[in-house]
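One structure below.
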Amino acid sequence: MKLDSRHYFVMEKLLEGMSIEQIAKQHKDKVEVSVRQLYRWQRDPDFRKCLNQMIVDSGKHRLKAVLDAAYEAAIVEKNAAMTKLILSSHGLLTPDKDAQVTVNNQIDISKLREELKNL
171 MKLDSRHYFV
181 MEKLLEGMSI
191 EQIAKQHKDK
201 VEVSVRQLYR
211 WQRDPDFRKC
221 LNQMIVDSGK
231 HRLKAVLDAA
241 YEAAIVEKNA
251 AMTKLILSSH
261 GLLTPDKDAQ
271 VTVNNQIDIS
281 KLREELKNL
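Counting from 1 along the sequence shown, just add 170 to a position and that's the residue number in this note's numbering.
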């Protein structure tokens with residue numbers, strides 16, 4: 171299908187959250203096709219491919235806004251959690267899988283009490 175300005179207009183309205191019925195009713199002068207035809211457009215592979223690309227592009231724009239807010243929180247508010255998230259998302263902070271943790275559960279309570287008394 172060769173897409174024209176009407177197709178792109180409908181895609182934009184779908185991205186805004188309008189239903190096919192709302193688009194057909196509220197923009198009938200601009201679209202000039204029936205609800206049935208709009209549903210046919212929606213099933214067309216070229217229409218779907220273009221609409222999906224518009225959705226991805228829109229998501230990328232929103233993701234940039236989210237990352238900008240994360241950077242702002244990390245820098246201005248000195249938010250450690252955001253800093254960690256940013257570093258992790260860029261692959262700059264990876265979990266240390268070889269970290270060795272040892273626990274010494276051989277505590278001499280009487281010795282600690284003596285040390286506290288001497289303070």
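Glycine residues also receive a C-beta, built at the ideal position from the N, C-alpha and C atoms. Quick caveat: nothing in here was measured; it's all calculated off a predicted structure.
Inset, instruction - Report buried or exposed for residue 208, applying the criterion of at least 16 other Cβ atoms within 10 angstroms of its Cβ. - result: Of the other Cβ atoms in all chains shown, 16 or more fall within 10 Å of the Cβ of residue 208; this residue is therefore buried.
Inset, instruction - Output the distance between the C-alpha atoms of residue 230 and residue 174, rounded to the nearest integer angstrom. - result: Cα to Cα, the separation comes out at about 24 Å.
Inset, instruction - Below 8 Å on the Cβ atoms is my guess for residue 179 versus residue 200; work out the distance and round it to an integer in Å. - result: Indeed, because the Cβ distance is near 6 Å, the residues count as touching under 8 Å.
Legend entry - Beta-carbon proximity list for residue 194, same chain, < 8 Å, skipping 5 on both sides: Listed in chain order, the non-local C-beta contacts of residue 194 below 8 Å within the same chain comprise 201, 203, 204, 205, 208, local neighbours out to five positions each way being set aside.
Legend entry - Residue of 181, 188, 247, 256 minimising C-alpha distance to residue 295: The structure shown has nothing for residue 295, since the chain only spans 171 to 289.
Legend entry - Boundaries (first-last residue) of the alpha helix (DSSP H) holding residue 182: DSSP places residue 182 inside the alpha helix (DSSP H), whose first and last residues are 175 to 185.
Inset, instruction - Would you mind listing the alpha helix (DSSP H) stretches within the segment 188 to 225 that are 4+ residues and don't spill past its ends, in chain order? - result: For the segment 188 to 225, whole alpha helix (DSSP H) runs of length 4 or above, ordered along the chain, are 190 to 196, 198 to 201, 205 to 213.
Inset, instruction - Pull up the distance between the alpha-carbon of residue 278 and that of residue 265, whole angstroms please. - result: Their backbone Cα atoms lie some 34 Å apart in a straight line.
Inset, instruction - Using three-state DSSP, classify residue 260 as helix, strand or coil. - result: Three-state DSSP puts residue 260 in coil, outside helix and strand.
Inset, instruction - Look at the Cβ atom of residue 253, then the Cβ atom of residue 244, and state whether they are nearer than 7 Å. - result: Cβ atoms of residue 253 and residue 244: closer than 7 Å.
Inset, instruction - Could you check if residue 177 is buried or exposed, using at least 16 other CB atoms within 10 Å of its CB as the buried criterion? - result: Taking all protein chains in view, the Cβ of residue 177 is crowded by 16 or more other Cβ atoms within 10 Å, so the residue is classified as buried.
Legend entry - Alpha-carbon spacing of residue 196 relative to residue 232, whole angstroms: Taking the straight line from one Cα to the other gives about 27 Å.
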